[in-house]
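Notes follow the structure.
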Amino acid sequence: MKKIPSYQLFSLFCLVCSQTFTAPAFASQSQIQQGDMLIQQGLESLKRNKPQTALKLFNNAHSIYKKASHPPGFYRASINKSVALKKMGQYYRACTTLTKVLTLDYEYCQSQSGRQLNQSLLEIEINNKLDTTQQLAALHNLGNNLQILGRLESSQIILQHASSLKPSNRDIRLSLANTYHAQYKRAISQRTLTRDTLTEAQLGLDAKLHAQSAIKLYGNLASSPTHRIHAQLNSLQLILSLDDSDAFDVVQLRKDSQTLIHPLIKNLISNDFSQFPEAEAINLQLKLSQLLSEVDQKPITSKISNSLLAEAFNHAKSALLKANTLNDPRLKSQAYGTLGRLYLQSKQQEDAMQVFKQALNLAQANTDDSLAYQWSWHIAQIHQQQGNRSQALTAYDTSIQHLEQVRTKLISATSDLQFSYQESVEPVYTEYLQLLLASPSPDLELVLSTHQQLQVAELENYLKCGRLNVTNVNKPQQSDSATRIHIFQLEDKVDIIVQNSEGLYRHQPDSEIVMEEVFNLVVMLDNDNTYLISESRIKKSSQALYQQILGPIKQYLPTSGSLIFHLDSHFQNLPMGLLHDGQTYLIEKYPVQTALSVQLRQAQTKDLSQMNVLFAGLSNSAPSFNQPNVPSNLNPLPEVEAELEGVAKASNLESSLLNHEFTTDRLETALRQDTEVVHIATHGLFSSDLSKTMLLAYNQPINALEFHNMLNRKRHNGHASLELLILSACQTAKGDKKSALGLAGIATQAGSRNTLASLWLADSSATTELISAFYQELKDNSSKAKALQQAQLKLIRSEDYSHPFFWGNFILVGN
-2 MKKIPSYQLF SLFCLVCSQT FTAPAFASQS QIQQGDMLIQ QGLESLKRNK
48 PQTALKLFNN AHSIYKKASH PPGFYRASIN KSVALKKMGQ YYRACTTLTK
98 VLTLDYEYCQ SQSGRQLNQS LLEIEINNKL DTTQQLAALH NLGNNLQILG
148 RLESSQIILQ HASSLKPSNR DIRLSLANTY HAQYKRAISQ RTLTRDTLTE
198 AQLGLDAKLH AQSAIKLYGN LASSPTHRIH AQLNSLQLIL SLDDSDAFDV
248 VQLRKDSQTL IHPLIKNLIS NDFSQFPEAE AINLQLKLSQ LLSEVDQKPI
298 TSKISNSLLA EAFNHAKSAL LKANTLNDPR LKSQAYGTLG RLYLQSKQQE
348 DAMQVFKQAL NLAQANTDDS LAYQWSWHIA QIHQQQGNRS QALTAYDTSI
398 QHLEQVRTKL ISATSDLQFS YQESVEPVYT EYLQLLLASP SPDLELVLST
448 HQQLQVAELE NYLKCGRLNV TNVNKPQQSD SATRIHIFQL EDKVDIIVQN
498 SEGLYRHQPD SEIVMEEVFN LVVMLDNDNT YLISESRIKK SSQALYQQIL
548 GPIKQYLPTS GSLIFHLDSH FQNLPMGLLH DGQTYLIEKY PVQTALSVQL
598 RQAQTKDLSQ MNVLFAGLSN SAPSFNQPNV PSNLNPLPEV EAELEGVAKA
648 SNLESSLLNH EFTTDRLETA LRQDTEVVHI ATHGLFSSDL SKTMLLAYNQ
698 PINALEFHNM LNRKRHNGHA SLELLILSAC QTAKGDKKSA LGLAGIATQA
748 GSRNTLASLW LADSSATTEL ISAFYQELKD NSSKAKALQQ AQLKLIRSED
798 YSHPFFWGNF ILVGN
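Each residue of the sequence shown is one higher than the one before, starting from -2 at the first, in the working numbering.
The following block contains the structure:
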């Protein structure tokens, strides 16, 4: 768990002690003194690393101040409660506690909220009953929590405002530098997901500017001994991370920053850590040890020192001695784990194994899953390197069991422990899967269940919504006769597992050909002029993919019935019905559906032949087109009105919202009806950037969380659950390698059994015809997959819309 630096505790201590408040006449002085005493005891508990105890004390003080009608104490207790909650890892609760104190909207704390702070709004909304010291403490802690929750722009505005109130406050300036640091990391992460050169360049520039701001602020904190060490450690960490990007602007900054590494290391090595409280000194030394070991592996090492690894060992051992003296099991576990990593780096595997086991025992005895998963992961890696496959599998299984307990807490925008999905969560699953698949006779059921855990983790990381309550989609229902085809990529290898009524079968295609043709096909489809590309060019890639993916497993495919594809995020941008065997497209032979690997628990399926439909759409331009994060140059969708007419003819249209009627409030009201089908014909965007995944109502965009909340209220009010969600005018973000995560996010948050969605904007007349045919098939009692197949076949066989551009954009996802 995250330690509170002494200088932050000191500022909170001052919040309690430095002011004398005059109690109202009706307030009991003895009650106020009792509350003050509890606050002091709570702060002492925080210093001793006992946040649960501190929280109880702060809660008791909160109740006493409230009963005594003593606002200063009431606010004081609330702010300190947020500190304890943050230290316990309950960042959202800490954040909302502070928004109450400051009278700000709690939605600012939600990762998917469309609400973003701005300076003028902050000054209007903020609680003016707080004195300056309380306001600074609340703003500072709120900025820190927003940073951890990934609300980085809001964090920046909060901390900048706090800094403007008291420019000399170094605590706030350090937190602001950390927020810039987090914005740099986010820009670098987003840059890896795009193929668009302009977006790559912009994200590279953004990353450089954020890094420069952070490094400058860290450098300005050198005059204060306690702040200097924190700032220099974070600055060194940031400068070393510049090596991870090939962005032109970042490469230039890396060259300019190399001269800072030597003086930073020299100053940090010479620091006296005894000036800090013991627990904080241990954490600082362990962080320094990790950074020194990182520098030791870089080519610049010889120019700095030949003994960096020895220095790293010295600080880790010193931290271990202090942790033993303090008898703190978590700190002891961290120290042993840091030593284990150093032994690994110096190729002393047996010593590493010994200390990792000690670290793991301490973590497990302390029920600390966040550390236990790391140490069992390292133990698994050592066993694997030594050829002990059985022990490695056991250790990986242990690691994943611990990880499953804390995964959603670890996946956050930033923290001192530097957890990130790509670096610290995903590799555990992928290494385990690779080891399982390396067996001559792999347990394919275990492979599929582990891969589902990986995909759940990826979607939870994307949505930042906590743990998803999901069903096992790899176990078909008894009545399910469909053949399932699982396609996933682990590093540079593609694996295919076929699942039918007779068993599981594995196929390994030529991964290089598969990924090259997937790239070629997606690039052709991810194009405003796809309809101008000859069908023969599209078929060339489609046939190459069919030959690699389906050709070798043709014997396991049914002669009739549906195919359900389970695709990881490398393949979800690709409509599988487009695969071509040289004679026909796959959709011409089979109804095709894409399964969500994250399927929320739902009621029984419903008959849609007498479906009640809610239709909402925009045929004209709307104010939402000009909102932030909305793509520029959106055109009206005039054919939406014809689409509405077609829906009305083929279904029981319960209600419709068109143009100015389609506001967020009216949509939420309409959702309270007993409708099984919600059809939204408006511009929508699926993106790997959650803030850019949205549907456009007339007045404003609707993001995945807001849509989820609307539908959740529908269910909680006892109305029919959603059987089918139709998004007929959406598109994936251009050049975004994992934009289909946005579709998975919308579908999962909607809680619909199935979602029919478009991956690109095709000809509006073709879309109207396809949608009308789809509804007619449902009315005739076809399954949803069969209805989509027949609708697509109608266009394939037409004179005007046979090109894949017109019919290939729709996919059916879900159960």
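Glycine included, each C-beta is placed from N, C-alpha and C at the ideal position.
Mapping DSSP to helix, strand and coil, what is residue i?
i    : result
P801 : helix
G614 : strand
A726 : coil
K646 : helix
N77  : helix
S152 : helix
G579 : coil
L306 : helix
L693 : strand
V627 : coil
S795 : coil
E651 : strand
I808 : strand
R750 : coil
D565 : coil
F659 : coil
G147 : coil
F10  : The predicted model places F10 with a pLDDT of 41, which falls under 50 and marks its position as unreliable; any figure quoted below should be read in that light. Here F10 sits in helix by DSSP.
T256 : helix
P549 : helix
F18  : Confidence is the limiting factor: at F18 the pLDDT is only 42, short of 50, which leaves the residue's position unreliable, though a coordinate-based value still follows. Note: F18 maps to coil in three-state DSSP.
Distance, Cα to Cα, residue i vs residue j?
i    : j    : result
E703 : A747 : 10 Å
T679 : V637 : 8 Å
H504 : V444 : 14 Å
I793 : Q545 : 24 Å
Q383 : S304 : 28 Å
L631 : D240 : 38 Å
E197 : D440 : 40 Å
D662 : H380 : 57 Å
N706 : E457 : 17 Å
F310 : Y393 : 27 Å
L654 : E277 : 58 Å
V425 : E514 : 29 Å
Q131 : R73  : 7 Å
L101 : K284 : 35 Å
S799 : Q540 : 17 Å
Q452 : T322 : 43 Å
E150 : S436 : 47 Å
D203 : I212 : 14 Å
T191 : Q351 : 43 Å
Q569 : H448 : 15 Å
Can you tell me whether residue i is buried or exposed? The criterion is at least 16 other CB atoms within 10 Å of its CB, across all chains shown.
i    : result
N175 : buried
V589 : buried
S79  : buried
T556 : exposed
P635 : exposed
A307 : exposed
A179 : buried
R225 : buried
F71  : buried
T395 : buried
Q294 : exposed
Note to self: Quick test of the definition: if touching needs 3 or more C-beta pairs under 8 Å, does the stretch 83 to 92 touch the stretch 137 to 147?
What the structure shows: Touching, per the Cβ criterion.
Check: Does the count of Cβ pairs from the stretch 213 to 225 and the stretch 161 to 170 closer than 8 Å reach three?
Finding: Touching, yes.
Notebook entry, point to check: In chain order, which beta strand (DSSP E) runs of at least 3 residues are fully inside the stretch 321 to 393?
Noted result: List check, beta strand (DSSP E) in window: nothing returned.
Checklist line | Cβ contact (3+ pairs, closer than 8 Å) linking the stretch 608 to 628 and the stretch 576 to 583 | finding: Contact between the stretch 608 to 628 and the stretch 576 to 583 is absent, because fewer than three Cβ pairs lie under 8 Å.
Item checked: the stretch 778 to 795 / the stretch 805 to 812 touching (three or more Cβ pairs under 8 Å) -> Because the criterion of three Cβ pairs below 8 Å is met, the stretch 778 to 795 and the stretch 805 to 812 touch.
Notebook entry, point to check: Do the stretch 367 to 385 and the stretch 320 to 336 meet, that is, are 3 or more Cβ pairs less than 8 Å apart?
Noted result: Contact holds: three or more Cβ-Cβ distances are below 8 Å.
Item checked: Within the stretch 760 to 787, ranges of the alpha helix (DSSP H) (whole runs, at least 4 residues) -> Runs of the alpha helix (DSSP H) spanning 4 or more residues and lying entirely within the stretch 760 to 787 occur at 761 to 776, in chain order.
Next item on the list: Determine contact between the stretch 489 to 496 and the stretch 545 to 561, defined as no fewer than three beta-carbon pairs at a distance below 8 Å.
Entry: Result yes; three or more Cβ-Cβ pairs closer than 8 Å.
Check: Does the count of Cβ pairs from the stretch 681 to 688 and the stretch 731 to 745 closer than 8 Å reach three?
Finding: Because the criterion of three Cβ pairs below 8 Å is met, the stretch 681 to 688 and the stretch 731 to 745 touch.
Margin query: Pairs of beta-carbons, one from the stretch 312 to 322 and one from the stretch 335 to 344, closer than 8 Å: are there three or more?
Written below: With the cut-off at 8 Å, the stretch 312 to 322 and the stretch 335 to 344 touch.
Check: Just checking, does the stretch 659 to 678 make contact with the stretch 719 to 734 on the three C-beta pairs under 8 Å criterion?
Finding: Output reads yes: the stretch 719 to 734 touches the stretch 659 to 678.
Notebook entry, point to check: Which runs of the beta strand (DSSP E), 3 residues or longer, sit entirely within the stretch 202 to 234?
Noted result: Qualifying beta strand (DSSP E) stretches: none in this window.
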